[in-house]
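Working notes, structure below.
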Amino acid sequence: MKRDLSKLELPIAAAIAVILVVVLPLLNVSGLVSNFTINLWGKYLCYGLLAISVDILWGYTGLLSLGQALFFSLGGYMLGMNLMLMIGKDGQYFKSGNNPNLLPDFMVFLGHTFLPSFWKPFYSFPFAVLAVVLIPGLLALIFGFFAFRSRIKGVYFSILTQALTYAAYIFLLQNDVTMGGNNGFTDFKRIIGYDLREPGTQRGLYIASAVLLVLVYFFCRWLTRTKFGLVQRAVRDSETRVLFSGYAAASYKLFIFVVASSIAALGGALYVPQVGIINPSELATDKSLEAVVWCAVGGRGTIVGPIIGAISVNALKSWATTAFPDYWLIILGVLFILIVLFMPKGIVGLPAQLRSVWHWMKNKMAKAADDLPKEAPAPEATANTKP
Amino acid sequence: MPKIKPAAGSLAFFILALVLVLCPTVGRADDAKVRATVAKAIVTEDAEEQIKLIRSLTDVGGKQVGQLLQQWKEGGIFIYTNKGVKTPVTLAGDKDADGKQAAFLLADGSPLKDAEGKPMRVDSTDVDSADTDSNIRQAIKDVTDMAQLADPDPVQRLHAVQGVGLDQSLEKLPALEARLKVEADGAVKRALQEAIALTQLKSENVQDQIVACKKLGDLGSIPSQDALKGIMADAKAAGKNDLASAAQEALEAIASHLRWVNSIGTLFRGLSLGSILLVVAIGLAITFGLMGVINMAHGELIAVGAYTTYVVQGLFATGIVMQIPTFISTPITVRLSGMNLSGHALDSYFLLALPLSFIMAALVGVALERCIIRFLYRRPLESLLATWGVSLVLQQMFRLTFGANNVQVYSPGYLSGNWTIFDIILGWNRVFVIAFAVAIIFGTHLLLTKTPLGLLIRAVMQNRNMAACMGVRTQRVNMLTFAFGSGLAGLAGAFLSQIGNVGPSLGQSYIVDCFMTVVVGGVGNLIGTVISAIGIGVTDQSFQQFLGNPVVGKILVLVGIILFLQWRPAGIFVTKSRSLEG
Chain A
1 MKRDLSKLEL PIAAAIAVIL VVVLPLLNVS GLVSNFTINL WGKYLCYGLL AISVDILWGY
61 TGLLSLGQAL FFSLGGYMLG MNLMLMIGKD GQYFKSGNNP NLLPDFMVFL GHTFLPSFWK
121 PFYSFPFAVL AVVLIPGLLA LIFGFFAFRS RIKGVYFSIL TQALTYAAYI FLLQNDVTMG
181 GNNGFTDFKR IIGYDLREPG TQRGLYIASA VLLVLVYFFC RWLTRTKFGL VQRAVRDSET
241 RVLFSGYAAA SYKLFIFVVA SSIAALGGAL YVPQVGIINP SELATDKSLE AVVWCAVGGR
301 GTIVGPIIGA ISVNALKSWA TTAFPDYWLI ILGVLFILIV LFMPKGIVGL PAQLRSVWHW
361 MKNKMAKAAD DLPKEAPAPE ATANTKP
Chain B
388 MPKIKPAAGS LAFFILALVL VLCPTVGRAD DAKVRATVAK AIVTEDAEEQ IKLIRSLTDV
448 GGKQVGQLLQ QWKEGGIFIY TNKGVKTPVT LAGDKDADGK QAAFLLADGS PLKDAEGKPM
508 RVDSTDVDSA DTDSNIRQAI KDVTDMAQLA DPDPVQRLHA VQGVGLDQSL EKLPALEARL
568 KVEADGAVKR ALQEAIALTQ LKSENVQDQI VACKKLGDLG SIPSQDALKG IMADAKAAGK
628 NDLASAAQEA LEAIASHLRW VNSIGTLFRG LSLGSILLVV AIGLAITFGL MGVINMAHGE
688 LIAVGAYTTY VVQGLFATGI VMQIPTFIST PITVRLSGMN LSGHALDSYF LLALPLSFIM
748 AALVGVALER CIIRFLYRRP LESLLATWGV SLVLQQMFRL TFGANNVQVY SPGYLSGNWT
808 IFDIILGWNR VFVIAFAVAI IFGTHLLLTK TPLGLLIRAV MQNRNMAACM GVRTQRVNML
868 TFAFGSGLAG LAGAFLSQIG NVGPSLGQSY IVDCFMTVVV GGVGNLIGTV ISAIGIGVTD
928 QSFQQFLGNP VVGKILVLVG IILFLQWRPA GIFVTKSRSL EG
């Protein structure tokens with residue numbers, strides 16, 4: 001039964017990939033799917049990338065990182081810097097004649113007259129894309145090096161990543177780091193010359209997100225099935241044994257941490273032009289935890305799980321925030337408690353869970369049918385049948 | 388016991404009543420004299436005699452003098468002339484239909500009576516304003532200044548002396564010197580010396596100025612810095628090198644005094660911040676450190692305590708309104724009317740709020756443990772996720788019940804105000820938080836080491852299975868331990884309501900700090916938590932002091948913690964264990 005399902009996984013995944021990458025955009029072009037829906041799904045797919053990055057750390061390596069939103073937002077910030085510079089002559093301050101050097105508006109507002117030197121390379125789009133992967137990756141490398149070297153694991157790792165995120169959050173909130181402060185970056189006009197308000201541009205961004213998600217899906221599927229993936233799961237199950245077998249567990253963890261951070265950063269970079277804003281609230285403590293929720297809801301330890309989780313929780317959020325604005329957080333919280341308590345394998349694990357319940361019920365009924373002729377079944381016997 | 392209590396209560400009440408009755412009569416004797424003198428001065432025709440009378444009040448002192456003379460100066464005293472006899476009166480009360488007001492004799496405060504002995508009402512045409520000329524006003528000003536210098540309340544006196552000192556007017560020098568001779572209060576004496584030296588800086592005599600500079604330097608007088616800088620610049624311009632170097636020396640002495648004051652102040656603020664961290668983290672040190680439950684709802688348990696304090700305060704004051712969410716229909720609005728207390732009775736709410744916030748948070752903790760956490764003892768990472776769900780639910784419940792905005796919690800009088808020693812300002816609430824932290828740590832320590840429950844707690848936390856084998860009811864101990872940890876969070880909330888805002892996201896702002904403190908201290912160790920809380924607090928405040936930027940300081944502390952864990956991955960104190968995975 002299980003084997004059948006895993007054989008089916010690849011064709012199903014391929015079919016879904018085709019639907020996401022080809023069919024939906026075509027329907028959008030023909031007008032059957034609204035621009036709003038495409039934009040919304042583009043967002044969901046970026047969240048899917050974030051959820052995968054949580055999952056390959058948590059589900060496969062046992063590292064619950066509460067800092068993935070940091071890498072996601074950092075990726076967004078890197079691309080956002082390019083988008084800010086591309087506003088150019090459409091900025092409010094330039095129009096009113098106060099911005100001859102074409103600075104981003106928020107800098108003019110803060111009284112800067114020259115572009116800080118670290119902003120200058122971001123005029124180039126390829127550089128910005130490179131920075132999207134490199135800067136978060138570098139941060140992950142440095143932090144991971146220190147964290148894994150001293151064998152910080154389990155809860156400690158979670159709390160430290162949370163602290164790192166918090167530090168970055170209050171750092172970016174400051175105005176003098178010239179990253180937009182509290183308001184962040186917004187009011188983008190164009191990306192590589194395309195107008196961001198055009199439906200075509202948004203469609204392009206959606207396709208890019210879908211393609212990236214599909215690529216990341218197959219990459220992670222491949223990675224977790226290699227020998228590397230095996231060691232990765234061995235680290236999750238018993239790091240000490242891996243160490244005793246002569247593997248440098250720290251290097252494995254460091255590699256996967258950097259990979260996961262880059263995936264999150266790419267997701268963030270695609271997310272920002274689609275929602276049109278990036279600010280420090282994107283890396284507040286609860287954003288990372290929310291990504292962990294998606295992962296848990298969908299089913300960790302699988303690659304599809306997080307994507308399903310990200311899409312379903314966010315679809316629920318979109319619906320509930322308008323239908324029950326006051327109770328949305330309560331719904332999310334209760335849902336989360338219930339899933340942790342009763343569905344440890346998430347939505348993906350639900351069929352197996354139902355099957356085992358079904359088998360248990362069937363056994364019990366069979367037993368009951370067997371026991372029926374006998375008089376007064378022994379209480380121990382029924383108690384023992386409960387697994 | 389019940390019999391003694393009312394007796395003791397009534398005795399205390401009797402004493403209080405006696406004091407209340409006696410106090411004003413003591414003051415009144417002086418007051419009458421002052422009133423009589425002022426009244427006499429107003430009606431005296433001879434200007435010299437008038438000024439003499441006013442000046443005679445200089446030695447009397449007290450608030451009354453200042454008030455009456457000020458009233459005179461501002462035209463608040465009138466003269467009622469009847470058959471050539473002038474009587475100074477004050478007008479008070481509401482004007483009636485004819486524009487008339489009740490009049491009172493200035494001399495003794497009794498109502499002004501007509502020939503038949505009935506109280507009279509007058510309007511502005513019946514009376515003349517008691518005029519003053521510039522000489523009188525000058526005399527009044529001098530006397531009121533001096534009266535303030537002689538104010539019986541040392542705090543008022545201190546303020547007056549500091550004010551006179553900053554005026555730097557040489558005319559007041561004799562008065563200050565005269566006051567210095569009789570002054571008994573240490574702080575005021577010091578302020579007088581400072582004021583005299585400050586005033587002498589204005590002196591024509593260079594030698595006096597140099598002496599004054601030296602004195603100010605010795606006193607470490609912070610307010611005189613600007614004046615000294617001015618003097619130094621002037622002296623340099625005028626080529627008075629002696630004076631310039633004296634001022635320079637004084638400034639250096641003051642600067643070093645200031646550094647000392649600042650570092651002690653930083654240490655104190657660091658200690659109090661550390662105590663706050665300790666108070667908020669101690670509950671977590673129990674639930675996370677001892678039990679291994681990662682309770683992300685810890686912050687919300689703190690908020691439960693803070694909101695309990697808010698409700699108790701509301702009941703003591705004017706009442707509160709709550710919107711209890713019902714999830715199906717419109718929320719139920721609950722209006723609780725308050726007892727409309729004020730003064731000390733209102734202040735006492737905090738004493739009731741402390742135990743109540745402990746109990747409320749402990750109850751929420753019990754519910755949390757029974758319904759959720761007990762299923763997750765073997766899955767610590769998942770307890771993190773489930774309790775985060777709880778924290779979302781609780782936050783939203785606060786928002787729905789008490790509104791999304793911060794609520795205002797009134798601080799009792801005994802927690803506001805501050806205490807200045809050698810220019811170091813110690814806020815009462817900061818002093819209180821340190822004492823509170825010490826008390827909580829001490830209580831927790833006693834509970835864990837000296838009571839049977841503490842023994843069971845430690846046994847279960849060390850080895851749950853072994854304790855169960857020995858007949859300990861581990862489920863019950865788990866519940867009680869968690870309730871205790873939650874209750875401590877509630878106490879922290881009651882305290883935080885006194886020093887910051889109470890809002891739905893109160894808990895969120897402390898949760899990262901809480902975990903940091905416990906992790907750095909070393910899990911399962913109270914002493915470690917104490918050291919780490921104070922260490923983090925003092926480091927944070929020192930960074931703030933030296934960098935002048937709180938955010939950079941905070942970031943450096945977080946980075947410092949990450950680096951510290953490189954050196955000691957399991958915190959300051961490591962719980963020794965033979966278990967490989969432990």
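Chains as they are written, first to last, in my numbering: chain A, 1 to 387; chain B, 388 to 969. Where is the CB? At the ideal position from N, CA and C, for every residue including glycine. These numbers come from a predicted model, not from an experiment.
Nearest chain A C-beta to residue i closer than 8 Å, yes or no?
{"i": "Trp459 (chain B)", "result": "no"}
{"i": "Val777 (chain B)", "result": "yes"}
{"i": "Val413 (chain B)", "result": "Only weak support exists for where Val413 (chain B) lies, its pLDDT of 43 falling under 50; the value from the coordinates is given anyway. Taking Cβ atoms only, chain A never reaches closer than 8 Å to Val413 (chain B), which makes this a no."}
{"i": "Val408 (chain B)", "result": "Because the pLDDT at Val408 (chain B) is just 45, under 50, the model does not fix this residue reliably, and the point stays unresolved."}
{"i": "Leu671 (chain B)", "result": "no"}
{"i": "Phe823 (chain B)", "result": "no"}
{"i": "Ala974 (chain B)", "result": "The structure shown does not extend to residue 974 (chain B), since chain B is modelled only from 388 through 969, so no value can be given for it."}
{"i": "Pro956 (chain B)", "result": "yes"}
{"i": "Phe762 (chain B)", "result": "yes"}
{"i": "Glu769 (chain B)", "result": "yes"}
{"i": "Ile959 (chain B)", "result": "no"}
Just the Cα atoms here: how many angstroms apart are residue i and residue j?
{"i": "Ile464 (chain B)", "j": "Ile583 (chain B)", "result": "35 Å"}
{"i": "Thr674 (chain B)", "j": "Val680 (chain B)", "result": "6 Å"}
{"i": "Ile827 (chain B)", "j": "Ile746 (chain B)", "result": "15 Å"}
{"i": "Ser729 (chain B)", "j": "Leu739 (chain B)", "result": "15 Å"}
{"i": "Gly552 (chain B)", "j": "Gln454 (chain B)", "result": "22 Å"}
{"i": "Thr916 (chain B)", "j": "Leu677 (chain B)", "result": "12 Å"}
{"i": "Ala957 (chain B)", "j": "Ile152 (chain A)", "result": "8 Å"}
{"i": "Phe125 (chain A)", "j": "Gly76 (chain A)", "result": "13 Å"}
{"i": "Ala378 (chain A)", "j": "Met365 (chain A)", "result": "In this prediction, Ala378 (chain A) has a pLDDT of 45, which is less than 50 and means its spatial position is unreliable; nothing more can be read from the coordinates."}
{"i": "Ile523 (chain B)", "j": "Leu493 (chain B)", "result": "18 Å"}
{"i": "Tyr169 (chain A)", "j": "Arg845 (chain B)", "result": "38 Å"}
Please name the residue in the options whose C-alpha comes closest to that of residue i.
{"i": "Lys89 (chain A)", "options": "A:Cys295, A:Gly267, A:Met81 and A:Pro104", "result": "A:Pro104"}
{"i": "Ile307 (chain A)", "options": "A:Ala320, A:Leu173 and A:Arg221", "result": "A:Arg221"}
{"i": "Leu45 (chain A)", "options": "A:Trp319, A:Phe255, A:Ala320 and A:Tyr217", "result": "A:Tyr217"}
{"i": "Val23 (chain A)", "options": "A:Glu198, A:Arg203, A:Gly268 and A:Thr226", "result": "A:Arg203"}
{"i": "Tyr59 (chain A)", "options": "A:Thr37, A:Lys95, A:Met107 and A:Gly229", "result": "The sequence shown places Gly at residue 59 (chain A), not Tyr. Measuring from the Cα of Gly59 (chain A), the nearest candidate turns out to be A:Gly229."}
{"i": "Asn912 (chain B)", "options": "B:Thr861, B:Gly890 and B:Leu835", "result": "B:Leu835"}
{"i": "Val777 (chain B)", "options": "A:Leu329, A:Ala352, A:Pro344 and A:Gly349", "result": "A:Leu329"}
{"i": "Thr653 (chain B)", "options": "B:Leu950, B:Ile949, B:Ile921 and B:Val939", "result": "B:Ile921"}
{"i": "Ser117 (chain A)", "options": "A:Gly200, A:Val259 and A:Val177", "result": "A:Val177"}
{"i": "Gly200 (chain A)", "options": "A:Gln162, A:Ser262 and A:Gln274", "result": "A:Gln274"}
{"i": "Leu10 (chain A)", "options": "A:Val133, A:Ile303 and A:Phe148", "result": "A:Ile303"}
{"i": "Gln162 (chain A)", "options": "B:Ser770, B:Met683 and B:Cys758", "result": "B:Met683"}
{"i": "Ala668 (chain B)", "options": "B:Ser873, B:Pro891 and B:Gln488", "result": "B:Ser873"}
Can you find a CB in chain B that lies within less than 8 Å of the CB of residue i?
{"i": "Gly305 (chain A)", "result": "no"}
{"i": "Tyr247 (chain A)", "result": "no"}
{"i": "Leu10 (chain A)", "result": "no"}
{"i": "Phe109 (chain A)", "result": "no"}
{"i": "Ser150 (chain A)", "result": "yes"}
{"i": "Leu160 (chain A)", "result": "yes"}
So residue i and residue j are in contact, right, with Cβ under 8 Å, and what is the actual spacing, rounded?
{"i": "Tyr206 (chain A)", "j": "Gly42 (chain A)", "result": "4 Å"}
{"i": "Ala210 (chain A)", "j": "Leu20 (chain A)", "result": "4 Å"}
Considering only heavy atoms of the ligand ATP, does any lie closer than 7 Å to the CB of residue i?
{"i": "Leu196 (chain A)", "result": "Questions concerning the ligand ATP fall outside what the structure shown contains, since it holds no ligand whatsoever."}
Between residue i and chain D, is any beta-carbon pair separated by less than 8 Å?
{"i": "Val334 (chain A)", "result": "Checking the listed chains, one finds no chain D in this structure; the protein chains it contains are A and B."}
Let me know the beta strand (DSSP E) ranges lying completely inside the stretch 696-724 of chain B, each 3 residues or longer, listed in chain order. Segments of the beta strand (DSSP E) lying fully in the stretch 696-724 of chain B: 707-711 and 719-723.
What are the uninterrupted segments assigned as alpha helix (DSSP H) that are 4 or more residues long and contained completely in the stretch 593-668 of chain B, given in chain order? DSSP runs (the alpha helix (DSSP H)) wholly in the stretch 593-668 of chain B: 593-606 and 612-625.
Tell me the start and end of each unbroken alpha helix (DSSP H) in the stretch 896-945 of chain B that is at least 4 residues and wholly inside, in chain order. Counting only runs of 4 or more, we get 913-934.
My parser needs the alpha helix (DSSP H) runs of 4 or more residues fully inside the stretch 803-846 of chain B; what are they? If we require 4 residues or more, the alpha helix (DSSP H) runs fully inside the stretch 803-846 of chain B come out as 815-837.
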